[in-house]
C-alpha cells in the first residue's frame, strides 16, 4: 500500500474535457486511474490540501471531487482520517481506447448494377426542401399516435386512392419505416407474443430481403411456387398446411415479372378467407409500369372492413430507399392489433420525418417525380431489351415495369457473375431468389445508372453472357 | 345474361379521377361494376362503337380500356366477336367505402402527469431548424451503411464522450429509431433467428415499456429484484438460470431512483463475464441529474474491445421522444452481429433524419438545451418535494434526477389514481412497474408541465393522497 502517491499520480486536468468543471475532471481522472489499476483497492489517496497544492487548484475542488467519489463508492473513509480506494473494488480491466477500425474501401470505378436502386439524383429539389423546412418548424409534440401522424395517414390514403385506386380510410393506414419495418410490425402483431409459431408463405422465387424478415423473427418460412403469371394459386397449401400469412407480389412478381391474372387473384382471396390467411400484398413498384397501366391492387378486390389483404407500400422504388418511408393499409379487424403492437414496440419514424413526407405527398411532387422517372426508366428498359434480346444463350424476361431485368443464361451463372465482377460490374445471381436450387441467370438494375454507364454495363454483360 | 347493357351501365367518368386519362377511368369503372356485381361473369359488354357514342368519347379510348381489361383477365373475347365478362370470375364482395371511424376525443382540460414526457415546447428553435434545413439539402444517396450514417455515428461517439465519459469508436455506434427500437434490434441480433429461446432479465420493478419488448418478440422475461440502491446483484440467477441478456438502469433505477454503487457494478460485470450475459445499460436520463454529477456509465467500466455492456441511449428525455432518435454503443464482438441483423431487417431511420440529428448534436445545441432543461426540472422537482414530503401517509422517494417522482402511499393506490382521474389529473399506479404484486403508490411526471399546472396537480395529489 502506497501511503503518499500524490507526486506520481498522472492526473490530467484541462486537456480533454475543457467543458467540465475542475471537480468533475478530477473525479473522472481518479476513476480512470482506479480502472487502469494505477490506483489499487486500499491505496490511500492524497490529502485534499496536498493535492490542491500539487495541482494548483482550490482545495474546495478536491473536496468536491472526493465527495462525489465517496458517494459513488470508489473511495471510502478509512480509520483515522485518511481516505482510501474502496478495498471492496475488484480491479477492472482497462478499456483499450480510440482504436480505429478500418472501414472497407469503396471502389468508385465499380459499376453497381445490383437491383433495387432507383435514380435518386433528382430527389432533392424545391418541393423536397420545402417539405422538410415546413416540417421542422412545427412545434414538437409530446407524443405521437401509435399508427402515426394523422396528416401523414391522410396523405397516404390519398396517395393510395390516386395511384392505386384503393380506397381506405386514414384510420386504416399505419406509418412505417419502410417495407421491411412494416412487415416486421405486422408479423409481430399477428404472432401474439410467439413469432416462432408463425408460418409465413413466400413466393419461390421471391425477394430475398423480405423472406429474411420472418426467418429472423423465428417464424417458419414456406416457399410457394411461382410461374410466369405469378403465384401458382392452385398449388397453395390447404388445411393445417396453410400458412398464417402469405407475402405476394401480384402486380409485378419479384423477380420474374409476372402479373397475377384476375381469376387467380379471386381464387387467392377465396383461399385466404377459407383458411384464414392474412395476405400481404407487397406493392413495391407498381407505379413504375411501362407497357400497360398497373393492374389494380389485390387490396382493391378485398373488403376493407372485413378483409384479409394488407397492402405494404413504400417510396423505396418511386423516390429513394434511404427515406425509409412506407405504410401498411390494414383491413379493419387488424387495426387495433397493429396499433397496440406499435404502442409496445415504439414508433421508429420521428415526427419531423412523418410531417415532411406528408408535405411532400400533398404538394403533388411525388406524382410529378414518378412521371419523370417512368419516362427515364422506359428509356433504360429499351436499352436493355435492344442490347440483350437477340443474344444466343440469353433469355430476357418480359419487362412490363420496374427497375430491374432478369436474364436466364445458358452459361453457368457463377462464371458470368464472377467474370462481370472481374470487369468491374456487379450483378446479382438469379438462383439466390430461390430458397433452394433455382434457374441460372442474372438479375440487374437499370434504374440507378445513367445512359452511358448502362450502355457500358450492357456491353460487358453481352460479352460475358454469350455462350462460347 | 343481358345482351345489351349499355344504356343502363352506371359508368362515371371525370368525377373522382380527374388526373387519370379516359381509358384508365373507364377500365377502373368496369372493374368497379364487376366487383360490385353490376356486371356479372358471362355478361356481354357494349360494343366499343356503341359505348363511345353513348359516353361521348372516342372509340379509341374504349378500345384501349377494353384491351387493358382483356389483358387483366376481367374481360374475355367470346365466340363470334362479342366481348364478355370473364365467366371464370367469382363474384367479389363490394368494399364498403369511405366509412368514417370516429377517433377518441381528447379532453384538453385534463392534466396529464403520467411519467415520460420532457418539456418539449423549447425544442424547435434556430439550431433545430437549421439542422433540418442543411440535412434536407444533402443529395439523396442510394444506400445507407447498415449501422447508420458515419457522420451521425461520429456525433453520437462525441456526445457519449462529453456527456458520459464513455469513449467509443464511431464504428461501435449503431443508429436506432429510439430506445425500444434499439432494444428490439439487439434482441433479434442475439436471438440468431429464434427469439423464443432468448431469456431476458429485467429489473423488478422496472420500466414496463422495455419489459414488453422482449415479451412481444417471444423471449422469456425474468424479473430480477431491485432495492433502494438499484439491482440486487447478489440475487442474480447463475449457471443455467442466468439470462442471455439483462436490461439495467444503473445510473438512475427506474422508477425507484437508486444509483448502483461501484462495488455492485463490478460484481455485475464479473457475473456477466462468468455467465456470458450481455448487459444492456439503459441510460435513459442520466444527463438530467440535479443532486450530484451523474455516475459514470457502467459501459465506461467495460472493455470496449471485448466487453459485455451495450449502452442504450436516446434523446427521448433530454429532447423529445417524438424525434425517435437513439443509438446502441456496442462492444466489438457484437458489431458484426448487429450490423448483419440491421441489414436484414432494414434501417427504419431515414437519411435526412440521421443527418439532421448529427447536425443538431454537432452544433452544440443539445448541450445548451440540456443545461436549460436541467435548471427547469430542478425547479419543478423542488415544487414536488415541498408539496409532498411532509404529508402523512406519503413517502416521496429520493429524486436525484430525472423527470418523474415516486410517492408511496398508505391509501390504496387504485383509489388515489381514480380519484385523481375524476379531478382531471392522470398519474400512473406504482404497482404496474412490478410484473406481479408491487408497492402501492403513484408515479407522476413533472417535466412536461409548467409551474402553474404542476402546482395545481400537486395540490390535488396532496388532497387525495393524504390518509383520511
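Chains as they are written, first to last, in my numbering: chain A, 1 to 468; chain B, 1001 to 1468. We put the beta carbon where it would ideally sit given N, CA and C, even for glycine. Just so we're clear, the structure is a prediction, and the values are computed from it rather than from any experiment.
*Through-space distance from residue 1247 of chain B to residue 1280 of chain B, alpha-carbon basis*: 5 Å
_Below-8 Å beta-carbon distance, residue 1093 of chain B vs any chain A residue_ = Reliability of the predicted coordinates at residue 1093 of chain B is poor, the pLDDT of 38 falling under 50, and the value obtained from them is presented with this limitation in mind. Interface residue, yes.
*Between the stretch 1054-1078 of chain B and chain A, which residues of the former have CB atoms less than 7 Å from a CB of the latter, in chain order?*
1068, 1071, 1072, 1073 and 1074
*Are the C-beta atoms of residue 1212 of chain B and some chain A residue less than 8 Å apart?*
yes
*What's the call for residue 29 of chain A, buried or exposed, on a 16-neighbour Cβ count within 10 Å?*
buried
*Which of helix, strand or coil DSSP assigns to residue 341 of chain A*: helix
*What's the gap between the Cα of residue 1011 of chain B and the Cα of residue 1059 of chain B?*
16 Å
*asked:* For a contact defined as C-beta to C-beta under 7 Å, what are the partners of residue 253 of chain A on chain B?
replied: Near residue 253 of chain A there are no residues of chain B at all, since even the closest Cβ is about 15 Å away, more than 7 Å.
_Please report the straight-line C-alpha distance between residue 166 of chain A and residue 310 of chain A, rounded to a whole angstrom._
12 Å
*Give the DSSP-derived three-state secondary structure of residue 146 of chain A in the structure shown.*
coil
*Tell me where the alpha helix (DSSP H) around residue 1030 of chain B begins and ends.*
1022-1035
*Should residue 100 of chain A be labelled buried (16 or more other beta-carbon atoms within 10 Å of its own) or exposed?*
In this predicted model, residue 100 of chain A has a pLDDT of only 28, less than 50, meaning its place in the structure is not dependable; the value taken from the coordinates is given anyway. Residue 100 of chain A is exposed by the Cβ-count criterion.
_Residues near residue 455 of chain A by beta carbon distance below 7 Å, same chain, minus five either side_ = 383
_Residues of its chain near residue 1268 of chain B, where Cβ-Cβ distance is below 6 Å and the 5 sequence neighbours each way are ignored_ = 1233
*Under a Cβ-count criterion, where at least 16 other Cβ atoms within 10 Å of its own Cβ denotes burial, should residue 1299 of chain B be classed as buried or exposed?*
buried
*What residue does the alpha helix (DSSP H) around residue 1049 of chain B start on, and which one ends it?*
1048-1055
*Excluding five sequence neighbours on each side, which residues of the same chain lie with their C-beta closer than 8 Å to the C-beta of residue 452 of chain A?*
none
*Rank B/1142, B/1346 and B/1121 by C-alpha distance to the C-alpha of residue 213 of chain A and give the top, closest one.*
B/1346
_For residue 1403 of chain B and residue 318 of chain A, I'd like the C-alpha separation in whole angstroms._
43 Å
*So which residues of chain A does residue 1351 of chain B contact, with C-beta pairs closer than 9 Å?*
320, 322, 323 and 324
*Can you tell me the Cβ-Cβ gap for residue 1325 of chain B and residue 1178 of chain B, rounded? I've got them flagged as a contact below 8 Å.*
7 Å
_Quick check on this structure: which residue in B/1109, B/1071 and B/1085 has the alpha carbon closest to the alpha carbon of residue 1423 of chain B?_
B/1109
*Count the other C-beta atoms from every protein chain shown that fall within 10 angstroms of the C-beta of residue 152 of chain A, then say buried if there are 16 or more, exposed otherwise.*
buried
_At least 3 beta-carbon pairs within less than 8 Å: the stretch 187-203 of chain A vs the stretch 215-222 of chain A_ = yes
*Quick check: the stretch 1408-1415 of chain B against the stretch 1169-1188 of chain B, are there 3 or more CB pairs under 8 Å?*
no
*Identify the continuous beta strand (DSSP E) that holds residue 199 of chain A and give its terminal residues.*
199-204
*asked:* Strictly under 8 Å for the Cβ-Cβ distance: is residue 105 of chain A near chain B by that measure?
replied: Caution is warranted here: a pLDDT of 36 is assigned to residue 105 of chain A, below 50, making its placement in the model unreliable, and no coordinate value can be reported.
_Three-state secondary structure assigned by DSSP to residue 408 of chain A_ = strand
*Could you check what DSSP says for residue 445 of chain A in three-state terms: helix, strand or coil?*
strand
*For residue 1381 of chain B, does the count of other Cβ atoms within 10 angstroms reach 16, so buried, or fall short, so exposed?*
buried
*With residue 217 of chain A as the anchor, note down where its beta strand (DSSP E) starts and where it stops.*
No beta strand (DSSP E) holds residue 217 of chain A; DSSP gives it neither H nor E.
*Residue-level contact to chain B via CB, residue 86 of chain A, 8 Å cutoff*: yes
*asked:* Could you tell me which whole beta strand (DSSP E) segments of length 3 or greater appear in the stretch 1252-1294 of chain B?
replied: 1278-1282
*Thinking residue 189 of chain A and residue 349 of chain A are a contact (beta carbons under 8 Å), I'd like their distance in whole angstroms, please.*
Rounded, the Cβ-Cβ distance is 17 Å, inconsistent with contact.
*Are the CB atoms of residue 210 of chain A and residue 282 of chain A nearer to each other than 8 Å?*
yes
*Neighbourhood of residue 235 of chain A by C-beta distance below 6 Å, restricted to the same chain and skipping five residues each side*: 225
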